[in-house]
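Input: a single structure, listed below in structure tokens.
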Amino acid sequence: MDTLVSMRVFRRVVELKSFVAAADRMEMSPAMASKHVMHLEQHLGGRLLNRTSRHLSLTEIGKVYFEQCCEMLDSLDEVEATVSRATIVPSGVLKISAPVWFANRTFTKILANYQAQFAAVSLDIDLSGRMVNVVEEGFDLVLRVTQSPPSNLIAHPITSIPFYLVGSPSYLRKAGYPLKPKDLSQHAMITYSYLSLSEGELPLEGLTGKESVKIDSSVLRTNNENLMHNAVMDGMGLAFLPTWLIEDDIAAGHLERVMLDYRLPASMLYAMYTSRKYLSSKVRTFVDFIAECSELKN
13 MDTLVSMRVF RRVVELKSFV AAADRMEMSP AMASKHVMHL EQHLGGRLLN RTSRHLSLTE
73 IGKVYFEQCC EMLDSLDEVE ATVSRATIVP SGVLKISAPV WFANRTFTKI LANYQAQFAA
133 VSLDIDLSGR MVNVVEEGFD LVLRVTQSPP SNLIAHPITS IPFYLVGSPS YLRKAGYPLK
193 PKDLSQHAMI TYSYLSLSEG ELPLEGLTGK ESVKIDSSVL RTNNENLMHN AVMDGMGLAF
253 LPTWLIEDDI AAGHLERVML DYRLPASMLY AMYTSRKYLS SKVRTFVDFI AECSELKN
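Numbering (the numbering used here), first residue to last: 13 to 310.
In structure tokens:
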């Protein structure tokens with residue numbers, strides 16, 4: 013039995029926590045996947061996995077072997093990729109998870125331009141906004157806008173995305189234009205429920221540095237930027253929204269920026285993928301492409 017294949021099977025079993033799932037991913041039977049792990053155990057003279065009917069866990073020896081196994085496989089994949097990278101044409105399905113509000117013209121244009129350049133790649137985009145399990149759900153890439161990327165993924169910074177305070181002309185005619193952060197206490201605010209508010213204080217960046225403003229209450233609090241956008245468009249209040257979502261409406265006069273000297277601390281757009289060193293050509297080309305996109309230059 014091929015020990016290298018057995019190592020790959022063992023790694024997949026551990027990552028997916030299932031012989032059945034690993035076998036399905038590697039297009040073999042669960043019995044064959046089990047035989048590969050048993051082959052390694054016999055070869056090493058020790059048990060790698062504790063098995064019950066419902067649970068798999070690594071033994072102490074298994075933990076050490078798994079770490080070394082992953083490092084060796086990553087190095088091998090990287091060497092093979094380096095040698096063949098020049099001749100590999102990106103192809104297949106590129107499965108990406110991204111925030112809900114990426115359903116906008118800017119991101120659509122990026123996808124269209126990438127697919128035009130790499131026609132053999134088809135795109136499968138999940139915009140549910142939920143936290144996904146990259147390995148178990150088969151995602152190639154995760155795009156997230158955050159100030160704190162997760163530590164369990166490689167996070168490649170792409171560009172910062174400012175969040176500006178905007179309101180509709182109808183709302184601003186009625187409620188007036190705030191000039192300073194303290195003026196927001198007199199306005200209807202629409203806030204993002206994932207934003208960390210310490211005792212109702214909203215962190216801001218201005219010309220004189222960082223400051224905060226107390227937000228006593230919100231007329232609407234939600235975890236969906238598209239709902240916030242629509243609420244602002246309908247004159248419900250003011251909100252800090254990402255530039256991708258509002259730039260066309262500002263240009264058309266449907267929304268107006270206010271308090272121009274203030275914004276939320278900028279968040280970074282990250283392209284995130286699993287901790288393996290080797291990237292498939294479709295992932296590598298997409299990450300390189302989006303990093304160089306003129307649409308993202310601030």
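Cβ atoms here follow ideal geometry from the backbone N, Cα and C, with glycine treated the same way.
Residue i to residue j, Cα distance in whole Å?
i: Ser-18; j: Leu-281; result: 37 angstroms
i: Ser-160; j: Pro-42; result: 38 angstroms
i: Tyr-189; j: His-241; result: 18 angstroms
i: Val-157; j: Pro-111; result: 8 angstroms
i: Ala-98; j: Asp-300; result: Since pLDDT at Ala-98 reaches only 47, below the 50 mark, its modelled position is unreliable, and the value read off the structure follows with that caveat. In a straight line, the C-alpha of Ala-98 is about 15 angstroms away from that of Asp-300.
i: His-55; j: Arg-37; result: 24 angstroms
i: Glu-53; j: Thr-15; result: 11 angstroms
i: Val-26; j: Thr-220; result: 51 angstroms
i: Leu-184; j: Asp-86; result: 56 angstroms
i: Val-21; j: Ile-170; result: 33 angstroms
i: Glu-39; j: Arg-24; result: 12 angstroms
i: Ser-210; j: Asp-246; result: With a pLDDT of 46 at Ser-210, under the threshold of 50, the predicted position of this residue should be treated as unreliable, though the coordinate-derived value follows. Cα-Cα distance, rounded: 28 angstroms.
i: Val-76; j: Met-84; result: 12 angstroms
i: Phe-175; j: Pro-277; result: 8 angstroms
i: Lys-222; j: Ile-108; result: 34 angstroms
i: Asn-164; j: Gly-265; result: 42 angstroms
i: Asp-261; j: Ser-182; result: 14 angstroms
i: Ser-46; j: Leu-60; result: 12 angstroms
i: Leu-135; j: Ala-115; result: 14 angstroms
i: Arg-142; j: His-168; result: 20 angstroms
From the options, pick the residue whose C-alpha is nearest to that of residue i; which is it?
i: Ser-180; options: Thr-118, Pro-102, Leu-250 and Glu-90; result: Leu-250
i: Glu-92; options: Ser-292, Ala-278, Val-299 and Leu-68; result: Ser-292
i: His-199; options: Arg-269, Arg-66, Leu-276 and Ser-229; result: Ser-229
i: Gly-104; options: Glu-53, Ser-46, Leu-85 and Gln-127; result: Gln-127
i: Ile-166; options: Ala-283, Lys-29 and Leu-28; result: Ala-283
i: Ser-172; options: Val-270, Met-40 and Leu-155; result: Leu-155
i: Val-101; options: Thr-64, Gln-129 and Ala-263; result: Gln-129
i: Met-13; options: His-51, Arg-66, Phe-151 and Arg-117; result: His-51
i: Pro-193; options: Thr-234, Ser-163 and Leu-214; result: Leu-214
i: Thr-255; options: Phe-298, Arg-296, Ser-197 and Thr-118; result: Thr-118
i: Thr-286; options: Ser-65, Gly-150, Phe-78 and His-48; result: Gly-150
i: Met-271; options: Arg-296, Asp-195 and Cys-82; result: Asp-195
Near residue i, which residues of its chain fall below 7 angstroms by C-beta distance, leaving aside the five closest residues on each side in sequence?
i: Gly-58; result: Ile-73
i: Cys-305; result: Ile-122
i: Ser-224; result: Glu-213, Leu-214, Pro-215 and Leu-216
i: Met-248; result: Ala-200, Ile-202, Val-231 and Leu-232
i: Ser-205; result: Arg-233, Thr-234 and Asn-235
Using DSSP bridges, identify the partner residues of residue i.
i: Phe-252; result: Leu-177
i: Met-201; result: Leu-250
i: Lys-222; result: Glu-217
i: Arg-63; result: Leu-68
i: Lys-107; result: Asp-136
i: Glu-92; result: In the DSSP output, where bridge partners are listed per residue, Glu-92 has none listed.
i: Tyr-285; result: Ile-166
i: Thr-171; result: Leu-281
i: Val-157; result: Leu-281
i: Leu-232; result: Ile-202
Among residues of its own chain, excluding the 5 on either side of residue i, which ones have a beta-carbon nearer than 6 angstroms to its beta-carbon?
i: Ser-69; result: Asn-62
i: Ile-258; result: Val-178 and Leu-267
i: Ile-137; result: Ile-108
Roughly how far, in whole angstroms, is the beta-carbon of residue i from the beta-carbon of residue j, given that I think they are within contact range, below 8 angstroms?
i: Val-244; j: Met-201; result: Their Cβ separation, rounded to whole angstroms, is 10 angstroms, which puts Val-244 and Met-201 out of contact at 8 angstroms.
i: Trp-113; j: Asn-238; result: 6 angstroms
Below 8 angstroms CB to CB, which residues in the same chain sit around residue i once its five sequence neighbours on both sides are set aside?
i: Leu-28; result: Ala-34, Arg-37, Val-147 and Glu-148
i: Ala-132; result: Val-101, Pro-102, Ser-103 and Gly-104
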